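Peer 1:
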Amino acid sequence: MIQYTVTVCTVGAITAILVLGVNVSWGWVGQIDLAYYAYVAIGAYAAMVLELPRAHPSPTTPNSYILGLHWPFIPSVLVATAVGAAAALVVGTIALRRLRGDYIAIITACTALMLTAVTSVDNHLLGGYIGVYGLAEPLNTALHLGPTGYSYFYLGLCIFCLLLAYLVLERIYKSPFGRSLRAVRENDTAAAAFGRNLFWLRLRGYALGGAVGAFGGALFANYLLAWNPASWSLTEVTLLIAGVVVGGQANSRGVIIGSVLIESALPQISQLFPLLTSNSTIGPSIASILGAGGIIVMLRFRPGGILRERRAIDRTGGPESLVPHVPAVSFARPTTATGVAVGTSSEVERDA
Amino acid sequence: MHDGAPAPLLEVRGLRKHFGGVKAVDGCDFEVRAGEMVGLIGPNGAGKSTVVELLSGLLKPDAGTVLFDGRAIQGLPPHRIFAAGLSRCFQLAKPWPRLSVLENLLIAIPPEGKDTIWRALLTPPSRVRAAERAARDRALAIAEQYRLYPLRNDYAYTLSGGQRRLLEFARIALTRPKLALLDEPMAGVNPVLQVEIERGIRNLVEDGTTVLLIEHNLGFVERICDRVIVMVEGRVAATGSLAELRDNPIVQDAYLGVVGAA
Ligand SMILES: Nc1ncnc2c1ncn2[C@@H]1O[C@H](COP(=O)(O)OP(=O)(O)OP(=O)(O)O)[C@@H](O)[C@H]1O
Ligand SMILES: [Mg+2]
């Protein structure tokens, strides 16, 4: 039971990282990216290809085509992340040239389908439908942990990576770059008129999303120790987008909550249903119904999601030079922060 | 060009833009010299706003050249034109709705290439905070000047029409451009704040910004503009001081007595 919980939590942490990436392209940049799971797969394959040793020519290990680089875990994950970003740059360059949403959705969907087709072919690098497998537990050559200890370790590692991704993305979100991205999302004409290069900003945001996806994918592959084309499809992208919608577009904390609810809690709860009925296959269907229903309910009644996007709040009394004077005419409506010097620092705060 | 006279900051030659059969801008020629404060007037539908769209790069001209600060800018993308020092406000205010008023102002401060992922990640936190504080102080000072300070933490979509116009003008004031194209900055603003915006425009000029002002209130145009360009049906019909132009039959015709009433 504990082992099961550890599994759910590990996959949950990795999924949360993936949702953070979707949130960049969809929440920040405002673009539907149906190729997202392709970047997850690219990260996974890249990490596997870099990490796998040269295979023995035995029937149990058909991966004789692998480059056999046998790279260690950390550089492989980093390079896999970079490969995902590079792939997203290439796709984005094509998809984002024309700025219509439907155009982008079609191009990204086609890209994902093409990549599935390419990897499914029995080629000599990625193993076709069988995929790549046979990875040794990363870092365990040094750690020498038993199966239970190792699963705890990998869970800790995934949570650490989630935290890292969260902190890095929060920092970018609050930076001038994040602000420019949101301006492009909110009104691209005005953003262009105020000096923003729409294509270049969108492209960089898109590549950042791809990088996060590939990072999550690399962690996922290192957890599964295998990866194949069946591991990813448009369904998974849809679920990730659901996590963003339910959690709160463009709010990193919100989308982590959304991902835990939609992708971790919901499937677990729905597993209880077969216990109540005689139909043992009802669980996944119930999960899909509840998940899709959740999106619809959310969009209808709370389009901002559980936690809404945060906006910069100024709590200072203003710059020193602003000696409070009573304006001759004031349009001021009472706001919570008006004139109250609560702290000395300005901060980004959640919208109540 | 006359001997001794400096080259104009903005030189528009043969600018043309048709929308299907509508000749919105149809061979427009004019120039604006550095430091000038020029009014652009004309009846509704004369093509004034379309000229602003063309100059700022949001629309591509069908024909014509635009020299700005010695460079041909026609057909350049809007961000390049902004970087060259030309900023504009919108006749229909375009705030970034789901961002706070403060964020709207912060975005108006020219990024100067500093809005990159690498800078976001690699700049030490103390430098980030210092830069952010400096930007905020500038933005808040402008917010105070245009009575937006109490609204600074509100979403921009909650602003009234007049407040949006104030935000629109405040954003321009933050960009400190060489040339500001102001498309009816006063429309819908109450008289007290119109005075504030008038002062704002004068401040812009004092700080070295050249201003091209589109405005229907001719009394106001007369008060603050050195020179007026009259556009009718996509072309420049006349230029000169408003006092000279009052007797011009083209202008009188175009304005149908509005000039006399102002
Ligand atoms: N995007 C567009 N598509 C089609 N026609 C347009 C477009 N923009 C402007 N027009 C037309 O071009 C003409 C000039 O419009 P413009 O907005 O430049 O006038 P204006 O001088 O700014 O008028 P106003 O004083 O009412 O603001 C109008 O006839 C208008 O209908
Ligand atoms: Mg107009």
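Going down the list, the protein sequences come from chains A and B. Residue 60 in this note's numbering sits at position 52 of the first sequence, with consecutive numbering throughout. Residue 294 in this note's numbering sits at position 159 of the second sequence, with consecutive numbering throughout. For every residue, glycine included, the Cβ atom is placed at its ideal position computed from N, Cα and C. In this text the structure is predicted, and so the values were computed from the model without any measurement.
1. Helix, strand or coil: which one does DSSP assign to B:Y281?
2. Using the Cα positions of A:Y44 and A:A173, report the straight-line distance between them to the nearest angstrom.
3. Could you tell me the distance, in whole angstroms, from the CA atom of A:M306 to the CA atom of B:P143?
4. Per DSSP, which one or two residues make a beta bridge with B:R148?
5. Taking A:L298 as the reference, give the member of A:A21, A:L269 and A:G38 with the closest Cα.
6. Using a Cβ-Cβ cut-off of less than 7 Å, list which residues of the region 95 to 110 of chain A approach chain B; keep chain order.
7. Measuring only between beta-carbons, confirm whether B:K195 sits less than 8 Å from chain A.
8. Just the chain B side, please: which residues come within less than 8 Å of A:F185 by C-beta, in chain order?
9. Between which residues of its own chain and A:Q257 is the CB-CB distance below 8 Å, once the five residues before and five after are set aside?
10. Show which residues of chain A have a CB atom less than 8 Å away from the CB atom of B:A265.
11. Considering only heavy atoms of ligand 2, does any lie closer than 7 Å to the CB of A:Q276?
12. For ligand 2, any of its heavy atoms closer than 7 Å to the Cβ of B:S184?
13. Below 8 Å between beta carbons is the criterion; list the residues of the region 20 to 34 of chain A that meet it against any residue of chain B, in chain order.
14. Any beta-carbon of chain A closer than 8 Å to the one on B:E379?
15. Does A:W235 come out as helix, strand or coil in the three-state DSSP assignment?
16. How should B:V394 be labelled, buried or exposed, when 16 other C-beta atoms within 10 angstroms of its C-beta is the threshold for buried?
17. Between the beta-carbon of A:A191 and the beta-carbon of A:A201, is there less than 8 Å?
18. Can you tell me where the alpha helix (DSSP H) with A:V91 in it begins and where it stops?
19. Does the Cβ of A:T119 have 16 or more other Cβ atoms within 10 Å, making it buried, or fewer, making it exposed?
20. Can you name the start and end residues of the alpha helix (DSSP H) that B:M366 belongs to?
21. Note down, in chain order, all residues in the region 286 to 313 of chain B with a beta-carbon under 8 Å from any beta-carbon belonging to chain A.
22. Tell me, please, which residues DSSP counts as bridged to B:R223.
23. Please go through the region 307 to 352 of chain B and give each complete beta strand (DSSP E) segment of 3 or more residues, from N-terminal end onward.
24. Just to check, is the beta-carbon of B:D318 closer than 7 Å to a non-hydrogen atom of ligand 2?
25. Enumerated in chain order, which unbroken segments of the beta strand (DSSP E) with a length of 3 residues or greater are wholly contained in the region 148 to 235 of chain A?
26. Kindly list, in the order they appear in chain A, the residues whose Cβ is closer than 8 Å to that of B:P259.
27. Could you tell me whether the Cβ atoms of B:G192 and B:L211 are closer together than 8 Å?
28. Of all the alpha helix (DSSP H) runs that stay within the bounds of the region 242 to 280 of chain B, which reach a length of 4 or more residues?
29. Kindly indicate if chain E contains any beta-carbon less than 8 Å away from that of A:E194.
30. Chain A beta carbons: is any one of them nearer than 8 Å to that of B:L237?
31. Using only the heavy atoms of ligand 1, determine whether one of them is closer than 7 Å to the beta carbon of B:N179.
32. What do you reckon, is the C-beta of B:Q226 under 7 Å from a heavy atom of ligand 2?
33. What residues are listed by DSSP as bridge partners for B:M172?
34. Closest to B:T374 by C-alpha separation, out of B:T258, B:F165, B:F154 and B:E171, would be which residue?
35. If B:L283 sits next to B:L301, beta carbons under 8 Å apart, how far is it from one beta carbon to the other, in whole angstroms?
36. Once DSSP output is grouped into helix, strand and coil, what is the label at A:I25?
Peer 2: Reading off the structure:
1. Residue mapping note: residue 281 of chain B aligns to position 146 of the second sequence, counting from 1. Residue state for B:Y281 is assigned as coil, using DSSP reduced to three classes.
2. Position 36 of the first sequence, counted from the start, is the residue given in the question as residue 44 of chain A. Position 165 of the first sequence, counted from the start, is the residue given in the question as residue 173 of chain A. Near 17 Å, if we compare the C-alpha coordinates of A:A173 and A:Y44.
3. Position 298 of the first sequence, counted from the start, is the residue given in the question as residue 306 of chain A. Position 8 of the second sequence, counted from the start, is the residue given in the question as residue 143 of chain B. Distance between the alpha carbons of A:M306 and B:P143 is about 56 Å.
4. For the purposes of this step, residue 148 of chain B is taken as the residue at position 13 of the second sequence. Looking at the DSSP assignment, B:R148 forms a beta bridge with B:T200.
5. Residue mapping note: residue 298 of chain A aligns to position 290 of the first sequence, counting from 1. If you compare the alpha carbons of A:A21, A:L269 and A:G38 with that of A:L298, the shortest gap goes to A:L269.
6. Of all residues in the region 95 to 110 of chain A, none places a beta-carbon less than 7 Å from a beta-carbon of chain B.
7. By one-based count along the second sequence, residue 195 of chain B stands at place 60. Using a Cβ-Cβ cut-off of 8 Å, B:K195 does not count as an interface residue toward chain A, since no Cβ of chain A sits closer than that to its own.
8. Position 177 of the first sequence, counting from 1, holds the residue named residue 185 of chain A. The contacting residues are D250, T251, I252, R254 and A255.
9. As a working note, residue 257 of chain A is residue 249 in the first sequence. So the list reads N31, W34, G35, V263, G312, G313 and E317, once near-sequence residues are dropped.
10. Residue numbering aside, residue 265 of chain B sits at position 130 when the second sequence is read from its first letter. Within 8 Å Cβ-Cβ: nothing; B:A265 doesn't reach chain A, min ~12 Å.
11. By 1-based counting over the first sequence, the position of residue 276 of chain A is 268. Checking every heavy atom of ligand 2 against the Cβ of A:Q276, none is found closer than 7 Å.
12. By 1-based counting over the second sequence, the position of residue 184 of chain B is 49. Because some heavy atom of ligand 2 lies under 7 Å away, the Cβ of B:S184 counts as near it: yes.
13. So nothing in the stretch comes that close.
14. As a first step, residue 379 of chain B is located in the second sequence; it is residue number 244 there, counting from the start. With 8 Å as the cut-off, B:E379 does not count as an interface residue toward chain A.
15. For the purposes of this step, residue 235 of chain A is taken as the residue at position 227 of the first sequence. Of the three classes helix, strand and coil, the one that applies to A:W235 here is strand, per DSSP.
16. By one-based count along the second sequence, residue 394 of chain B stands at place 259. Bear in mind that the predicted position of B:V394 carries a pLDDT of just 43, short of 50, making it unreliable; the figure below should be weighed with that in mind. Counting Cβ neighbours within 10 Å, B:V394 comes out buried, since at least 16 surround it.
17. Locating residue 191 of chain A in the first sequence gives position 183, where the first residue counts as 1. Locating residue 201 of chain A in the first sequence gives position 193, where the first residue counts as 1. Taking C-beta atoms as the reference points, A:A191 and A:A201 fail to come closer than 8 Å.
18. Looking up residue 91 of chain A in the first sequence gives position 83. Unbroken alpha helix (DSSP H) run through A:V91: F81 to A103.
19. Counted from its first residue, the first sequence places residue 119 of chain A at position 111. Classification of A:T119: buried, given that the 10 Å Cβ count is 16 or more.
20. Here residue 366 of chain B refers to the residue found at position 231 of the second sequence. In the DSSP assignment, B:M366 falls outside any alpha helix (DSSP H) and within the unbroken beta strand (DSSP E) covering R362 to V367.
21. Flagged, chain order: L286, R287, N288, D289, Y290, S295, G297, Q298, R306 and T310.
22. On the second sequence, residue 223 of chain B is found 88 positions in, with the first residue counted as 1. According to DSSP, B:R223 bridges with B:L316.
23. Entirely contained in the region 307 to 352 of chain B, the beta strand (DSSP E) runs reaching 3 residues are, in chain order, 314 to 318 and 345 to 349.
24. Taking the second sequence and counting its residues from 1, the one referred to as residue 318 of chain B is at position 183. Answer for B:D318: yes, Cβ within range of ligand 2.
25. Contiguous beta strand (DSSP E) elements confined to the region 148 to 235 of chain A do not occur, taking only those with 3 or more residues.
26. Residue mapping note: residue 259 of chain B aligns to position 124 of the second sequence, counting from 1. In chain A, no part has a C-beta under 8 Å from the C-beta of B:P259; the shortest such distance is about 12 Å.
27. Translated into the one-based positions of the second sequence, residue 192 of chain B becomes position 57. Translated into the one-based positions of the second sequence, residue 211 of chain B becomes position 76. Yes.
28. As far as the region 242 to 280 of chain B is concerned, its whole alpha helix (DSSP H) runs of at least 4 residues are 252 to 257 and 260 to 280.
29. The displayed structure is made up of protein chains A and B, and chain E is not among them.
30. If you number the second sequence from 1, residue 237 of chain B lands on position 102. B:L237 counts as touching chain A.
31. To locate residue 179 of chain B, count along the second sequence from 1; it is residue 44. B:N179 Cβ: within cutoff of ligand 1.
32. Sequence index remark: in the second sequence, residue 226 of chain B carries index 91 (1-based). Yes, Cβ of B:Q226 sits closer than 7 Å to a heavy atom of ligand 2.
33. Within the second sequence, numbered from 1, the residue matching residue 172 of chain B stands at position 37. Partner(s): B:V346.
34. Numbered from its first residue, the second sequence carries residue 374 of chain B at position 239. B:T374 has its Cα closest to that of B:F165, out of B:T258, B:F165, B:F154 and B:E171.
35. Here residue 283 of chain B refers to the residue found at position 148 of the second sequence. Here residue 301 of chain B refers to the residue found at position 166 of the second sequence. Sure, about 6 Å apart at Cβ, within 8 Å.
36. On the first sequence, residue 25 of chain A is found 17 positions in, with the first residue counted as 1. Three-state DSSP puts A:I25 in a helix.
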